[in-house]
Amino acid sequence: MFICLENVHFSYFQNTPFEVQALRDVTLTVERGESVGIIGRTGCGKSTLIQHFNALLFPTQGTVLIDGEKIPKKGLQLREIRRKIGLVFQYPEQQIFEETVFDEVAFGPRNNGMSGENLEKTVRWALESVGLDYQDLYKKNPFELSGGQMRRVAIASVLSMRPEALVLDEPTAGLDPEGKRLILKKLKNLREESGTTLVFVSHSMDDLALIAERIIVMDQGTIGLDGSVRQIFSQGETLEKYGIKPPTTTRIAELLREKGFAIEKGILTAQELSEQIEKKILKAGNK
Amino acid sequence: MIEFKGVTFWFSEDETLIEKKDEVLCNVELVIPKGEFIVLLGRNGSGKSTLAKHCNGLLLPKKGTVIVDGKSTSQPEFLWDIRQKVGLVFQNPDNQIIATTVEEDVAFGPENLGVPQDEIRRRIDMALNIVRMNDFRKKEPHLLSGGQKQRVAIAGVLAMQPEYLVLDEATSMLDPEGRSEIMTLISELRGSMTIFHITHFIEEAVDADRVIVMDQGQIVAQGKPADIFNQRDQIYEWGLELPLVSETAWILRRRFPELFPSLPLQAEELVVALCSYV
Chain A
0 MFICLENVHF SYFQNTPFEV QALRDVTLTV ERGESVGIIG RTGCGKSTLI QHFNALLFPT
60 QGTVLIDGEK IPKKGLQLRE IRRKIGLVFQ YPEQQIFEET VFDEVAFGPR NNGMSGENLE
120 KTVRWALESV GLDYQDLYKK NPFELSGGQM RRVAIASVLS MRPEALVLDE PTAGLDPEGK
180 RLILKKLKNL REESGTTLVF VSHSMDDLAL IAERIIVMDQ GTIGLDGSVR QIFSQGETLE
240 KYGIKPPTTT RIAELLREKG FAIEKGILTA QELSEQIEKK ILKAGNK
Chain B
0 MIEFKGVTFW FSEDETLIEK KDEVLCNVEL VIPKGEFIVL LGRNGSGKST LAKHCNGLLL
60 PKKGTVIVDG KSTSQPEFLW DIRQKVGLVF QNPDNQIIAT TVEEDVAFGP ENLGVPQDEI
120 RRRIDMALNI VRMNDFRKKE PHLLSGGQKQ RVAIAGVLAM QPEYLVLDEA TSMLDPEGRS
180 EIMTLISELR GSMTIFHITH FIEEAVDADR VIVMDQGQIV AQGKPADIFN QRDQIYEWGL
240 ELPLVSETAW ILRRRFPELF PSLPLQAEEL VVALCSYV
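For the record, the sequence lines run as chains A and B.
All residue numbers for the first sequence refer to numbering that gives the first Met the number 0, where the first residue is 0 and numbers rise by one.
All residue numbers for the second sequence refer to numbering that gives the first Met the number 0, where the first residue is 0 and numbers rise by one.
Printed below as a string of structure tokens:
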């Protein structure tokens, strides 16, 4: 049990006339090394949920445990939790403030007292993990970079704290297809090489089909569905109730099934889909 | 018709260009004919937004000219007229709404044009009807969803009765529901005015009359969606991708060359082709 929420309730503006209940009785666990996609309509509580993962928000009722330990309300432990679980907000490049890429990525570890060779090594590792060339970029002003590069610098500046989990709110929003592909690929590598736990909040089912292994569907502050990516995305009709359209490939597979092609459920990538279709064509040809 | 003739642009107060690589637009030649629905694709930093801002003189070419229905944007006396003709909608819905109610926001443009009061009323009704936001006319814009705000921003432009609607990544910050609201709206407006839609979502291009691709400040391709997406290798070189339907078909076509005479762009086309093949 890495990240564990037990009967968590959360309200904004509690005990005021403006009180809004954003989470209701949420219980969930994320294990080390998982890759989890959190989906659901705008306003369903996704962002509120992930802010509980590193103690940016505290439950109004219920408990959050990290590595089996209850999150305290304040104190030094919070710092350690926030280092362990790195949160990347939406459009994180808007929070860049240092004048060089190096200083931006070094900000966190420097505050933790790191310096010299160690610091350089960490910054280099963080930049390379997101596919940026250290030598090329470390002296540059981050504001001169392209949108996709800035986004990756922002992710690197969270990575430089060597978090055990990376929680990302819409990491590919607004990026061009190439930038999007690159970020997804680098995050995938990071998980394979360093065992980093990944949690994504995303509206792009096509992205999640490529990177997530588990999907959690949120609905009006509660968990609607929770299961493997194949299992969740093959439930087209149920997903519709939650305002979600399954990934493009899953939808094509569904259309083909309606026309009598016996394609398996839970197709995720164009490659998988074309292999399935190929088999059916060959089979039909042999008749 | 909007014409770009040898348009070059760089971001500097300095009128002389320091380095060639600083050119954001580089000798762009483009014709946007009346009535078309055109989608502009290109990677981050390829010059798409800069091009869009040239359509109504928000930015002026450093070299070359942009001509809207015969009038150059570089001549200040035409700008007023051109901006009424060419309406721009931007990426972030929160940056475009200024008034405290939906209808006041829509009225802002025509009021500034000095349109008479009852004509303004008529235009607000018309514009809010088109974007289906009539029920929200007295609402405060900050209480709306992203898609609704973006529809109000479009209504504000429609109330100016423009002939060209330029959408600069107007769908990029919206959730899937909001995006599909805007795409539905585009399909309804299509034909009644020229629509120039800039986007990173490849699927939004499959239904266009024409697709234009930009890279490094230049127009590198234009044509019908099917012809553009047929050039798969180049598509990836330009930092783009194929729609997933076309990607699937592409993989299958390597195995069964006669399966898809033309590359399908929409799921239904792919299914029909497969059904007739088997």
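No residue lacks a Cβ here, since even glycine has one placed at the ideal position from N, Cα and C.
Being a predicted model, the structure only gives us computed values, none of them experimental.
Residue i CB to nearest chain A CB: under 9 Å?
i: B/D174; result: yes
i: B/F255; result: yes
i: B/G177; result: yes
i: B/T183; result: no
In this structure, does DSSP put residue i in helix, strand or coil?
i: B/E2; result: strand
i: A/Y137; result: coil
i: B/D68; result: coil
i: A/K184; result: helix
i: B/K62; result: strand
i: A/M217; result: strand
i: B/A126; result: helix
i: A/T268; result: coil
i: B/L243; result: helix
i: B/D104; result: helix
i: A/C43; result: coil
i: B/R42; result: coil
i: B/C25; result: strand
i: B/E118; result: helix
i: A/R256; result: helix
i: A/E277; result: helix
i: A/K69; result: strand
i: A/V7; result: strand
i: B/F36; result: strand
Would you verify that the beta carbon of residue i is, or is not, closer than 9 Å to some beta carbon of chain B?
i: A/F260; result: yes
i: A/E177; result: yes
i: A/R40; result: yes
i: A/S46; result: no
i: A/K244; result: yes
i: A/S273; result: yes
i: A/H202; result: yes
i: A/R250; result: yes
i: A/S10; result: no
i: A/G173; result: yes
i: A/R180; result: yes
i: A/T15; result: no
i: A/T196; result: no
i: A/E37; result: The question names Glu, yet the displayed sequence has Ile at residue 37 of chain A. It does not: the Cβ of A/I37 has no partner Cβ on chain B nearer than 9 Å.
i: A/I49; result: no
i: A/I205; result: Inspection of the sequence shows that residue 205 of chain A is occupied by Asp rather than by Ile. Chain B, which has a Cβ nearer than 9 Å to the Cβ of A/D205, makes this yes.
Chain A partners of residue i, CB-CB under 7 Å?
i: B/I201; result: P176
i: B/R42; result: D175 and E177
Note down the Cα distance separating residue i from residue j, rounded to an integer number of angstroms.
i: B/Q90; j: A/R82; result: 33 Å
i: B/M192; j: B/I181; result: 15 Å
i: A/V157; j: B/E103; result: 43 Å
i: B/F228; j: B/L243; result: 11 Å
i: A/I65; j: A/G220; result: 21 Å
i: B/F135; j: B/N94; result: 19 Å
i: B/G145; j: B/L166; result: 15 Å
i: A/S303; j: B/G238; result: Because chain A is modelled from 0 through 286, residue 303 of chain A falls outside the range shown and cannot be assessed.
i: B/C54; j: B/I123; result: 25 Å
i: A/G173; j: A/G284; result: 44 Å
i: A/Q93; j: B/K4; result: 35 Å
i: A/G194; j: A/I276; result: 34 Å
i: A/L27; j: A/E169; result: 21 Å
Residue i versus chain A: which residues are under 9 Å apart at the beta carbon?
i: B/S144; result: T41 and G42
i: B/A207; result: By Cβ distance, chain A contributes nothing, its closest Cβ being about 17 Å from B/A207, past 9 Å.
i: B/S186; result: Under the 9 Å cutoff, chain A gives no residues; its nearest Cβ is about 17 Å from B/S186.
i: B/L239; result: D175, P176 and E177
List the residues of chain B that residue i touches, going by C-beta distances under 7 Å, in chain order.
i: A/R213; result: Chain B residues near A/R213: none, gap ~20 Å exceeds 7 Å.
i: A/G147; result: N43
i: A/A283; result: V277
Under 8 Å between beta-carbons, which chain B residues line up against residue i? List them in chain order, please.
i: A/A155; result: Simply none; closest approach about 17 Å.
With a threshold of 8 Å (Cβ to nearest heavy atom), would residue i be considered close to the ligand ZN?
i: A/A211; result: As for the ligand ZN, it is missing from this structure, which has no ligand bound.
Quick one: list the residues of chain B neighbouring residue i, beta-carbon separation under 9 Å, in chain order.
i: A/E236; result: By Cβ distance, chain B contributes nothing, its closest Cβ being about 17 Å from A/E236, past 9 Å.
For a contact meaning CB atoms closer than 8 Å, what does residue i contact in chain A?
i: B/V270; result: I251, L254, L255 and K258
Using 8 Å as the threshold, is the segment 60 to 75 of chain A in touch with the segment 3 to 12 of chain A, meaning 3 or more CB pairs across them?
yes
Taking 8 Å as the threshold, find out whether the segment 169 to 179 of chain B comes into contact with the segment 196 to 203 of chain B through three or more Cβ pairs.
yes
Below 8 Å, how does it come out for the segment 201 to 214 of chain A and the segment 35 to 53 of chain A: are there three or more Cβ pairs, yes or no?
yes
Is it a yes or a no for the segment 2 to 11 of chain B touching the segment 266 to 283 of chain A, going by three-plus beta-carbon pairs under 8 Å?
Inter-segment contact for the segment 2 to 11 of chain B and the segment 266 to 283 of chain A is absent: fewer than three beta-carbon pairs are separated by less than 8 Å.
Validate contact between the segment 26 to 33 of chain B and the segment 216 to 227 of chain B using beta carbons, cut 8 Å, 3 pairs
Pairwise C-beta distances place the segment 26 to 33 of chain B in contact with the segment 216 to 227 of chain B, as three or more of them are shorter than 8 Å.
Say whether the segment 225 to 238 of chain A touches the segment 255 to 268 of chain A, bearing in mind that this needs 3 or more beta-carbon pairs closer than 8 Å, one atom from each stretch.
yes
For the pair the segment 134 to 153 of chain A and the segment 84 to 100 of chain A, tell me if three or more CB-CB distances fall below 8 Å.
yes
Would you call the segment 108 to 121 of chain B and the segment 149 to 162 of chain B touching, i.e. three or more CB-CB distances under 8 Å?
yes
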